[in-house]
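Down below is the structure, laid out as structure tokens.
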Amino acid sequence: MIFRALLFFLLALLPALPARAQVPLAAPGLAPDSGRVFGLADLLGYVALRHPVARQAGLLPERARQEVRYARGLFDPTATSKYYGKTLKGQEYFHDWDSQLRVPVWYGFEVKAGYERGTGQYINPENFTAPGGLSYLGLSVPLAQGLLIDERRAAVRQAQALQGLAEAERRGALNKLLLQAAKDYWDWTLRYRQLELNRRNLVLGDVRFRAVRQRVIFGDLAAIDSVEALGELQKRQAELSQAQMEFRNATLLLSNYLWNEQQQPLNLPPTARPQLLPGPADWRTLPPDSVAALTALAQQIHPELQKSRAKLLQLSVENRLLRNKLLPKLNLDYNLLQAGQPFAPEKAASLSGSYLQNNYKLGVSFAYPLLLRQERAKLQLNRLKQQDTELALQQDTREIETGVLTVANSWAALREQLALQQQVVANAQRLRDGEQIRFENGESSVFLLNSRDAKLLEASQKLAELQAKYAQTQATLRWAAGGIVEEQ
23 MIFRALLFFL LALLPALPAR AQVPLAAPGL APDSGRVFGL ADLLGYVALR
73 HPVARQAGLL PERARQEVRY ARGLFDPTAT SKYYGKTLKG QEYFHDWDSQ
123 LRVPVWYGFE VKAGYERGTG QYINPENFTA PGGLSYLGLS VPLAQGLLID
173 ERRAAVRQAQ ALQGLAEAER RGALNKLLLQ AAKDYWDWTL RYRQLELNRR
223 NLVLGDVRFR AVRQRVIFGD LAAIDSVEAL GELQKRQAEL SQAQMEFRNA
273 TLLLSNYLWN EQQQPLNLPP TARPQLLPGP ADWRTLPPDS VAALTALAQQ
323 IHPELQKSRA KLLQLSVENR LLRNKLLPKL NLDYNLLQAG QPFAPEKAAS
373 LSGSYLQNNY KLGVSFAYPL LLRQERAKLQ LNRLKQQDTE LALQQDTREI
423 ETGVLTVANS WAALREQLAL QQQVVANAQR LRDGEQIRFE NGESSVFLLN
473 SRDAKLLEAS QKLAELQAKY AQTQATLRWA AGGIVEEQ
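Using this note's numbering, read the sequence shown as starting at 23 and increasing by one per residue.
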């Protein structure tokens, strides 16, 4: 609940998105809808649900669940039955039949029940039974190695740890995809804003050229001024063409993230328009304690750290198993025998102490390597892997903490730069308007007026770049803290 609250706190730091109407994405070749705002939330919704990489990442948890299912299958009961018989020249040598049911139990031992029947003149005396056969119920218990942990239990524990690893990998892959999609979206928005600025600048240059040409005709200006105005108009036409090309390329790049439910690629309609870049109302300051909260949140939920912790959990299970391998193999098998039909509940009362002492089959096995070189080497390798993973976890923790602080610093610096650049744009607008008045009064030239226009355009484009970078920093901060970028 604490981590969830911290995550909601992180979401509250980011400005709310304006209301929008979702653009219906048409398949290639179909007529698109009229131009509407295609917001960031619309894009991330398509990416999270339909993008092949996102769907591929969604397979990881299911794969981990199947790994757990596979490991649990090691505890499935096993039924076996075998029969051997020999007849030669009409002489029956033996008939040997053995059926058994073995049920592995989580705590290391196995419960078994079976029925065997061995008859014939040449049957092995060890397998000889009465004509009615022999049923048994028994236990197989490890007394040393395998008592506290064995391969089956270790496989289940490691598969369960793999679920956490798979979920962390899913979040990491999805977050990386969504972060790149958000960055490309704001780059698309920037290109659209630059296109608007260049289009407006071209319209202004065309109006000025026509006005200057009329004044040249009337004799108010020299003919060279019309050449200056025409050259500037042609320059702005070239800049607009470049801006249009960059916007089309950005639109194509953004279309790479769009897929329909049938896994067919979609094209962003040419009439689609992005949401506005973050305005002054969205340039918020990070609270002083928010960076510490984000750092603490990142240490708990960041996918890279969760992956390392899951690996450590797997290695700890393996370490327990390898330490258990240093113990000798000491196994006890006990079978309670019953002549004739298998055991039935009504016969349980007849199992007296005397019966238990005189109707059983007991077996004890012991094995122990004298040098244990393989076991000790595997254990030492496991410890080295643990140390390596722990060191990597420490380094990742430090890098993630530094990454959060770096993005937070960029957030604060961008906010200051945005405020200053907004003043630069306002001053450039005043200078341009003043130069226009001077030009109309005959106190300035076309060259100076065009220079003021160029400075205003440059300042406005710089402001748009900072706005797009600020929006990208918002998504990057959420990603650096390990949160989900899609929760915009």
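Every residue, glycine too, gets a C-beta built ideally from N, C-alpha and C.
Predicted model only: the values in this text are computed from it and were never measured.
By the beta-carbon neighbour count (other beta carbons within 10 angstroms, threshold 16), Asn197 is buried. One alpha carbon belongs to Val163, the other to Gly155, and they sit about 26 angstroms apart. Where Ser162 is concerned, the enclosing beta strand (DSSP E) starts and stops at Leu156 to Pro164.
Classified as exposed, Glu173 has fewer than 16 neighbouring CB atoms from the shown chains inside 10 Å of its CB. Within the DSSP bridge table, the entry for His117 names Gly107 and Thr141 as partners. In the assembly as shown, Trp128 is an exposed residue. Its beta-carbon has fewer than 16 other beta-carbons within 10 Å.
The beta carbons of Tyr279 and His73 sit closer together than 8 angstroms.
Uninterrupted alpha helix (DSSP H) stretches at least 4 residues long and entirely within the segment 251–334 occur at 310–323, given in chain order. The beta carbon of Ala135 sits closer than 8 angstroms to those of Gln122, Leu123, Ser157, Tyr158, Leu159, Gly160, Pro364 and Phe365, all from its chain and outside the five residues before and after it, given in chain order.
Taking a 10 Å sphere around the C-beta of Ser263, we find fewer than 16 other C-beta atoms and assign the residue as exposed. In this chain, the alpha helix (DSSP H) harbouring Ala177 covers Glu173 to Phe240. For Ser387, the enclosing beta strand (DSSP E) covers residues Tyr382 to Ala389. Ala245 and Val234 do not touch by the CB rule: their CB atoms are close to 10 angstroms apart, not below 8 angstroms. The segment 274–292 makes no contact with the segment 379–387: fewer than 3 CB pairs, one atom from each, lie closer than 8 angstroms. Under DSSP, Leu359 takes part in a beta bridge, and its partners are Tyr158.
In this structure, Leu308 lies away from Phe269, with their beta-carbon atoms at least 8 angstroms apart. A Cβ-Cβ distance of about 4 angstroms is found for the pair Ala490 and Leu212, placing them in contact under the 8 angstroms criterion.
Tyr106 and Asp118 do touch by the CB rule: their CB atoms are close to 4 angstroms apart, below 8 angstroms.
Across the structure, Leu82 and Ala294 are spaced so that their CA atoms are roughly 34 angstroms apart. With contact defined as three or more Cβ pairs closer than 8 angstroms, the segment 137–147 and the segment 322–337 are not in contact. In this structure, Leu413 lies away from Thr495, with their beta-carbon atoms at least 8 angstroms apart. When Leu359, Leu276, Gly456 and Arg192 are compared, the shortest CA-CA separation from Gln202 is found for Leu276. Beyond the five residues adjoining it in sequence on each side, Ala481 comes within less than 6 angstroms, by CB distance, of Val446, Val447 and Ala450 in the same chain, given in chain order. Its chain contains no residue whose beta carbon lies nearer than 7 angstroms to that of Gly253 once the 5 sequence neighbours on both sides are disregarded. The C-alpha of Lys477 is placed about 31 angstroms away from the C-alpha of Ala430. Scanning its chain for C-beta atoms nearer than 8 angstroms, with the 5 sequence neighbours on each side dropped, one finds around Leu488 the residues Leu436, Gln439, Leu440 and Gln443, in chain order.
Note on geometry: alpha-carbon atoms of Arg342 and Ile171 lie some 7 angstroms from one another. Shown here, Pro126 sits in a strand according to DSSP, grouped into three states. Inside the segment 400–439, DSSP marks no whole alpha helix (DSSP H) run of 4 or more residues.
For Ser467, there is no enclosing alpha helix (DSSP H), since its DSSP letter is neither H nor E. When the alpha-carbon of Leu298 is set against those of Arg179, Trp210, Lys111 and Gly112, the nearest one is in Trp210.
With a cutoff of 8 angstroms on beta-carbon distance, Glu114 and Val125 are scored as not near each other. Going by C-alpha positions, Leu415 is about 11 angstroms away from His324. Taking every protein chain shown into account, the CB of Asp242 has fewer than 16 other CB atoms within 10 angstroms, so this residue is exposed. When Arg193, Gln396 and Gly67 are compared, the shortest CA-CA separation from Gly80 is found for Arg193. Within the model, the alpha-carbon separation for Ala361 versus Asp120 is close to 14 angstroms.
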